């Protein structure tokens with residue numbers, strides 16, 4: 001195999017991020033089996049053609065069913081709104097395509113399980129878009145934990161704080177509608193934190209949460225997408241049907257205590273996807289707004305110079321960084337996708353499962369849903385109750 | 001009244017902090033009614049005399065009952081171990097002394113209510129030692145919120161992280177024994193965060209928590225006090241009967257969502273008493289390890305220069321700071337006690353109730369106990385259930 | 001004109017950075033006149049073909065004279081070692097090509113002036129690669145100063161700190177040889193700071209400097225390029241003929257005082273290209289290791305909330321950022337080149353001079369050389385002495 | 001000797017800081033030979049009595065000559081305006097008193113040498129008030145360098161930035177008048193940085209500087225002292241006769257390169273007394289606005305976790321800290337004076353010279369004056385030229 005042909009559904013925020021990754025991978029990781037940007041798919045022909053041309057896809061399809069049916073495509077990349085994930089994924093599996101699906105995998109745990117089963121039965125590779133795993137600083141956190149360098153883990157403290165809908169006049173975009181988005185901050189932001197927690201600390205055992213919708217109605221808008229959409233205060237209003245913020249406590253199977261928060265109402269936080277992990281031999285802190293940095297503390301440092309180290313994870317010793325620029329020459333958000341696509345290409349070429357796979361999508365969905373259940377029933381819910 | 005005569009019970013960590021405050025207040029706040037350091041009280045005569053001489057108290061008493069009975073004393077300052085607070089406070093009230101009691105006010109909510117009632121019936125002033133309120137940066141936070149400058153509050157996120165007992169060989173000091181300390185990280189550290197939350201955001205409505213004792217047995221030690229005591233790994237071990245970490249979620253009466261964590265197992269954190277508050281018009285962040293700083297964000301800053309401001313709360317415009325040094329010349333931990341004692345002296349001189357009073361001690365205890373109940377019963381507990 | 005055809009000389013660090021920029025510009029700035037990656041040029045045929053294929057150039061040339069002679073090329077992009085800049089640029093100008101030249105423009109001021117004159121006489125566009133101007137945070141600094149928002153400027157304090165040759169065993173790569181590199185930290189790093197100072201504060205009036213070569217001999221190596229080359233401690237040694245560090249004081253024409261330092265011997269600094277500017281109404285701080293951030297202070301903020309704001313320059317209101325990702329989704333080093341190439345393409349398409357042009361290269365060279373002269377003669381040197 | 005009797009001249013900013021230190025030393029360092037606050041001296045009887053009472057001195061003197069003549073005093077503490085230092089010190093030495101003199105030691109190098117000689121001939125102890133040496137974080141820096149833990153030193157980069165006279169309406173206080181203050185930012189702020197450089201890196205060899213007075217006239221004011229004095233814009237103006245900012249480059253005897261800046265025109269900097277030192281094995285950074293912290297980097301840390309450590313210098317392993325509070329419980333500006341007075345008391349009790357002594361005052365003055373000469377003559381000046 002000397003190339004992997006990709007068909008992508010969706011061309012907005014995630015479509016742009018994925019497209020950039022396909023373009024970057026062969027340039028920066030020249031040993032990779034090259035992705036071929038075969039076809040891009042969307043419903044609005046004009047906008048689609050603009051995206052095709054701008055992002056560099058060979059062809060365009062306005063019906064994803066046609067895309068899935070094409071025999072010149074190896075991978076279906078799904079970054080359509082969340083409510084469309086399942087149907088496309090099932091069709092892709094049925095036609096023997098590998099699947100790369102944005103998170104959240106599906107609107108419900110049941111759907112996500114169905115997607116996983118379909119992919120497994122079809123024998124295709126499947127990957128879910130938890131891109132933050134692929135920041136070199138996060139990879140370093142994983143390495144330190146795996147090598148036992150911070151010891152047994154006592155605490156995971158994670159939060160994803162944004163403020164893009166703080167203004168009550170911000171319009172009712174699709175991300176604020178439950179039937180399309182599935183959930184609000186919980187599934188959009190909390191899902192990333194849950195995945196990082198699983199990646200770094202292990203499985204969740206039980207959870208209890210709380211959530212709130214602070215602004216209950218918002219102006220409807222013709223432009224129903226975008227994170228910087230402008231509202232029209234005179235427009236008729238519709239109900240916000242997702243959570244603005246969701247918090248929960250967790251106990252991990254390994255004994256660690258966790259607290260996780262996702263909110264879109266934290267003024268001053270544009271994209272604070274952050275966590276701290278405390279272990280018996282050290283601690284780790286990460287904040288995506290400083291994506292190149294990991295704060296690391298070791299208890300066995302000499303007594304008089306103990307302190308969190310600000311590690312700029314851009315040295316050749318850090319994951320992926322020898323492919324980019326000299327030490328200290330920073331990378332950004334989009335690189336997490338490039339590394340993710342690298343993993344996808346490598347997994348397919350090496351005929352192994354990608355990571356994170358749909359299994360991770362399902363496990364994340366189980367935690368999300370356990371939290372929802374804990375909120376509805378006002379009690380601790382074990383993840384095992386849902387399976 | 002030209003002086004207020006103080007008798008103090010306890011001479012260790014808090015005794016030293018209070019003594020320093022009594023010495024500092026008249027020098028830096030010369031208009032204050034001066035405290036007179038009349039008598040210090042403790043059980044070990046030799047250590048007590050050493051403390052008396054070192055801290056500058058006029059006399060010493062080895063029995064707190066004698067201290068309370070003296071007629072040349074106006075205020076009883078209680079910083080004995082927590083299990084002794086109640087008896088001393090009741091006696092002090094009975095003899096008509098004003099009372100300044102370290103937190104936690106008592107081992108139980110019932111006890112703390114009894115103490116409050118006794119003080120109210122005796123018509124004495126009462127104060128509880130929530131010293132962190134008195135950091136100028138915290139006072140600034142209070143001012144900004146009171147003036148509506150960060151709008152309606154959506155989130156309170158607080159944590160008090162320490163690491164002084166991370167080593168399993170750290171000995172079984174009194175702070176790790178429930179019968180003396182009442183609780184562990186929860187009452188020691190969490191109580192401070194709860195008080196700051198009440199001070200800044202308002203009353204708690206309901207809570208749900210979780211806690212853990214990571215190291216269940218520790219070596220017994222002849223030196224049973226101190227935060228930097230050394231353990232003897234060959235000594236016989238005894239059970240740790242308090243929590244190493246307690247976390248909880250909260251809903252405030254005003255609608256804000258809260259999460260609070262107290263732990264002594266966060267490697268690298270010596271004294272991270274920190275919080276963040278997000279409102280509709282801005283945000284505030286504080287970390288005691290940088291006690292002079294408050295991070296402040298306003299949504300109505302010009303579009304291109306929005307960002308958290310690092311305010312060094314040492315300008316003359318900041319609370320208490322015109323009494324100290326020129327702008328930028330920092331203060332530290334002990335100054336919170338000096339400001340606290342200033343409030344105590346002023347309250348007595350002005351014949352008004354001090355703040356925080358035993359009412360605050362009781363309310364804090366109610367939240368602590370509601371969290372304990374929520375942990376025991378694995379369910380949300382309303383604060384009102386306890387009253 | 002619907003495309004601009006580029007021929008590029010050099011394929012190492014800068015060649016990779018430029019190639020990436022040509023690839024990225026049309027995707028993220030779709031209204032641009034598209035660059036066509038026509039030909040890449042280098043001396044080693046095998047490595048060249050590898051670079052051509054990896055970076056996506058249409059053809060390859062092993063002799064830059066052939067490249068310059070081609071009639072299907074509009075722009076010559078020169079990122080060969082510094083000693084080759086002049087000859088190539090003169091030839092490019094002679095054949096009517098626009099020129100994009102990496103910094104430092106030439107090894108001497110005289111050479112750089114000759115290059116500028118040649119370009120001007122040929123009537124071609126010319127640009128010099130001061131990429132750091134194009135960080136959105138730096139663009140914000142420029143905007144704030146231009147709009148008078150920090151008032152009259154009193155101080156410019158800049159330094160570019162690296163540590164990649166701190167190890168005495170690091171080999172004698174071309175960057176450490178005067179006849180190829182022209183100078184060491186001064187021309188490599190200091191040049192960037194000088195350009196930022198000129199961009200933000202204005203022209204230099206006089207300077208006085210000092211410099212040092214701390215490690216005077218280094219092992220020779222077969223691999224004479226690269227910032228992370230490995231030395232062989234048993235290899236024969238050769239003399240380091242450039243400066244390891246150069247510092248200078250400066251007075252600006254506008255009255256500001258400046259200090260500038262460039263060093264490759266600052267342990268822990270991978271790429272600290274940083275500056276601070278103090279004006280009568282505020283201050284600005286930048287550090288490239290946190291490329292997305294600008295620290296901004298205004299004297300007219302309310303008394304009680306004065307402090308440096310950490311502005312994450314990723315909002316739509318910040319230069320270039322609406323082309324990338326939502327607010328808070330960071331960019332990195334390579335994006336400065338993308339924005340630089342955007343300016344080059346726009347300048348050519350709009351038939352105007354690019355900025356920074358060879359004029360800026362010449363002015364920077366004049367300052368560099370004035371500093372060198374001030375070091376040699378141990379006295380203040382006015383920039384005007386050199387013209 | 002069981003007590004050391006102190007007479008202090010001056011009762012403003014420094015008088016308050018010193019008084020607090022005398023009060024604090026015996027409480028926090030109980031083994032010290034106790035200072036006795038015998039007499040305070042100043043010219044305004046009313047203000048003096050207020051200070052005496054507030055600060056806790058036994059008696060007051062309105063003529064320093066009377067103070068020096070008293071036989072119940074062992075140490076004369078001089079914190080009068082700089083122009084009075086010499087005469088008082090000479091008299092104190094003549095009467096056999098130990099001398100503790102604020103910096104700058106004198107208005108000129110010649111005067112400071114005369115003071116040193118007088119003290120040496122009288123056989124008294126002498127100390128100069130470079131208080132910043134006594135921050136535990138600075139002590140840690142000293143320890144790390146002394147133990148070779150950052151290797152050979154290549155760079156010292158120091159600056160003391162303030163902004164208290166940025167407003168052109170700030171009045172012409174004594175600190176802005178050459179005949180009283182000697183110099184402006186240079187002697188006030190730069191002197192501290194010079195002393196820290198000498199303390200940490202060693203002697204200066206040669207220097208070249210530049211300086212500027214940005215605001216050349218200021219309103220005269222009845223209140224001619226204070227760092228937060230208010231100007232009256234309608235008052236007649238007088239000339240500012242000292243520097244607002246002075247910068248210089250330096251070469252140290254040990255081979256390191258230095259740059260030092262002092263300014264009162266750096267908006268947003270209340271008291272940024274900061275430095276960075278780069279050595280062959282590591283680096284150190286300090287900023288007084290975060291007085292409890294030292295940033296430390298070691299080249300021999302493991303490859304993947306290299307980074308500056310934020311050491312909170314409040315552990316028992318850090319200088320002086322076991323006398324204060326538990327780890328993480330911060331101290332502030334005034335504590336530097338307490339530690340300084342501790343050194344003074346110990347030196348007298350142990351019959352050894354204090355450190356920093358007048359020798360350090362003289363050496364600092366030599367550097368200050370060499371810088372002045374280099375500015376006047378626009379050339380490098382060796383420190384040895386002045387001796």
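Residue numbers (the numbering used here), protein chains in the order written: chain A, 1 to 387; chain B, 1 to 387; chain C, 1 to 387; chain D, 1 to 387. Where a beta carbon is used, it is the ideal one built from N, C-alpha and C, also for glycine. All values derive from a computational prediction rather than experimental measurement.
Taking all protein chains shown into account, decide if residue 388(C) is buried (16 or more other Cβ within 10 angstroms of its Cβ) or exposed.
No statement about residue 388(C) is possible, as the shown extent of chain C runs from 1 to 387 and does not include it.
Looking at the unbroken beta strand (DSSP E) that takes in residue 59(A), where does it start and where does it end?
In the first chain, counting from the first residue as 1, residue 59(A) sits at position 59. Per DSSP, residue 59(A) belongs to the beta strand (DSSP E) from 59 to 61.
Would you be able to state if there are at least three C-beta pairs under 8 Å between the region 127 to 143 of chain D and the region 182 to 201 of chain D?
Segments in contact, yes.
Starting from the beta carbon of residue 312(C), find every residue of chain G whose beta carbon is closer than 8 Å, and list them in chain order.
The structure shown contains no chain G; its protein chains are A, B, C and D.
How many angstroms separate the CA atom of residue 113(B) from the CA atom of residue 104(B)?
As a working mapping, residue 113(B) is identified with position 113 in the second chain. As a working mapping, residue 104(B) is identified with position 104 in the second chain. Straight-line Cα distance between these residues: approximately 12 Å.
Please look up how many angstroms separate the CB atoms of residue 56(D) and residue 151(D), rounded, as I've assumed it's under 8 Å.
By one-based count along the fourth chain, residue 56(D) stands at place 56. By one-based count along the fourth chain, residue 151(D) stands at place 151. Contact flag wrong, Cβ pair sits at about 47 Å.
Step through the CB atoms of chain A and report whether any lies within less than 9 Å of the CB of residue 305(D).
Residue numbering aside, residue 305(D) sits at position 305 when the fourth chain is read from its first letter. Yes, because at least one Cβ of chain A sits closer than 9 Å to the Cβ of residue 305(D).
With 16 as the cutoff for other CB atoms within 10 Å, does residue 384(C) come out buried or exposed?
Within the third chain, residue 384(C) is the residue found at index 384, counting from 1. Result: exposed.
Are any of the Cβ atoms in chain A nearer than 9 Å to that of residue 301(D)?
Counting from 1 along the fourth chain, the entry for residue 301(D) is found at position 301. So yes, residue 301(D) belongs to the interface.
Give a yes or no on whether the minimum CB-CB distance between residue 265(B) and chain C is below 9 Å.
Numbered from 1 along the second chain, position 265 holds the residue referred to as residue 265(B). Chain C contact via Cβ: absent.
By Cβ distance below 6 Å, which residues in the same chain neighbour residue 19(D) in space, the five residues on each side in sequence not counted?
For this step, residue 19(D) is matched to residue 19 along the fourth chain. Taken in chain order, the residues that qualify are 55.
Residue 376(A) CB to nearest chain B CB: under 9 Å?
For the purposes of this step, residue 376(A) is taken as the residue at position 376 of the first chain. So, not an interface residue.
Going by the beta-carbon positions, is the gap between residue 265(B) and residue 258(B) smaller than 9 Å?
Start at 1 with the first residue of the second chain, and residue 265(B) comes out as number 265. Start at 1 with the first residue of the second chain, and residue 258(B) comes out as number 258. Not in contact: residue 265(B) and residue 258(B) (Cβ atoms no closer than 9 Å).
Which residues of the region 197 to 224 of chain B have a Cβ closer than 7 Å to any Cβ of chain A? Give them in chain order.
Taking 7 Å as the Cβ-Cβ cut-off against chain A, the residues of the region 197 to 224 of chain B that qualify are 208, 210, 212, 214.
On the DSSP letters alone, give me the boundaries of the beta strand (DSSP E) that residue 211(A) sits inside.
Counted from its first residue, the first chain places residue 211(A) at position 211. Start and end: 204 to 212.
What separation, rounded to the nearest whole angstrom, lies between the Cα atoms of residue 173(A) and residue 164(A)?
Mapped onto the first chain, residue 173(A) falls at position 173. Mapped onto the first chain, residue 164(A) falls at position 164. In a straight line, the C-alpha of residue 173(A) is about 12 Å away from that of residue 164(A).
Only counting the same chain, and skipping five residues up and downstream in sequence, which positions put a Cβ closer than 8 Å to that of residue 386(A)?
The sequence position of residue 386(A) within the first chain is 386, counting from 1. 109, 366, 369, 370, 373, listed in sequence order.
For residue 350(C), which of 125(C), 45(C), 117(C) has the nearest alpha-carbon?
As a working note, residue 350(C) is residue 350 in the third chain. Closest by alpha carbon: 125(C).
When we look at the beta-carbon of residue 92(C) and count the other beta-carbons within 10 Å, is it buried (16 or more) or exposed?
Position 92 of the third chain, counted from the first residue, corresponds to residue 92(C). That one is buried.
Between residue 346(B) and residue 32(B), how many whole angstroms is the CB-CB distance? I'm expecting something under 8 Å.
Against the second chain, residue 346(B) aligns to sequence position 346. Against the second chain, residue 32(B) aligns to sequence position 32. Right, the Cβ-Cβ distance comes to about 7 Å (below 8 Å), so this counts as a contact.
What did DSSP end up calling residue 331(B) once you bin it into helix, strand or coil?
In the second chain, counting from the first residue as 1, residue 331(B) sits at position 331. Coil, per DSSP.
Would you kindly report the start and end of the unbroken alpha helix (DSSP H) that includes residue 283(D)?
As a first step, residue 283(D) is located in the fourth chain; it is residue number 283 there, counting from the start. Run containing residue 283(D): none in the alpha helix (DSSP H); it sits in the beta strand (DSSP E), 282 to 287.
Do three or more CB pairs link the region 152 to 159 of chain B to the region 285 to 294 of chain A at distances below 8 Å?
Cβ pair count under 8 Å is below three, so no.
Got a sec: which bits of the region 330 to 363 of chain D sit with their beta carbon under 8 Å from any beta carbon on chain B, in order along the chain?
Cβ contacts with chain B: 330, 331, 332, 333, 334, 335.
With a threshold of 8 Å, are at least 3 pairs of Cβ atoms found where one atom belongs to the region 6 to 13 of chain A and the other to the region 315 to 322 of chain A?
Touching, no.
Exposed or buried, which one is residue 376(B) when buried takes at least 16 other CB atoms within 10 Å?
On the second chain, residue 376(B) is found 376 positions in, with the first residue counted as 1. Counting Cβ neighbours within 10 Å, residue 376(B) comes out exposed, since fewer than 16 surround it.
By the three-class DSSP mapping on this structure, what secondary structure does residue 353(D) have?
Here residue 353(D) refers to the residue found at position 353 when the fourth chain is read from its first residue. In the structure shown, residue 353(D) sits in coil (DSSP, three-state: anything other than H, G, I, E or B).
Please list, in chain order, all residues of the same chain as residue 203(A) whose beta carbon is under 6 Å from its beta carbon, the five residues on each side excluded.
Here residue 203(A) refers to the residue found at position 203 of the first chain. The answer, listed in chain order, is 253.
Relative to the C-alpha of residue 212(A), which candidate in 232(A), 248(A), 206(A), 181(A) has its C-alpha closest?
If you number the first chain from 1, residue 212(A) lands on position 212. If we check each option's Cα against that of residue 212(A), 248(A) comes out closest.
DSSP on residue 271(A), reduced to helix/strand/coil?
Indexing the first chain from 1 puts residue 271(A) at position 271. Coil, per DSSP.
Can you list the residues of chain A that residue 308(D) reaches, using a CB-CB cut of under 8 Å?
Taking the fourth chain and counting its residues from 1, the one referred to as residue 308(D) is at position 308. Ordered by position in chain A, the residues that pass the 8 Å Cβ test against residue 308(D) are 309, 310.
Can you list, in chain order, the residues of its chain whose CB lies under 7 Å from that of residue 23(A), leaving out five sequence neighbours each side?
Counting from 1 along the first chain, the entry for residue 23(A) is found at position 23. 56.
Along chain D, in chain order, which residues have C-beta atoms closer than 7 Å to that of residue 318(A)?
The count along the first chain starts at 1 and reaches residue 318(A) at position 318. Ordered by position in chain D, the residues that pass the 7 Å Cβ test against residue 318(A) are 304.
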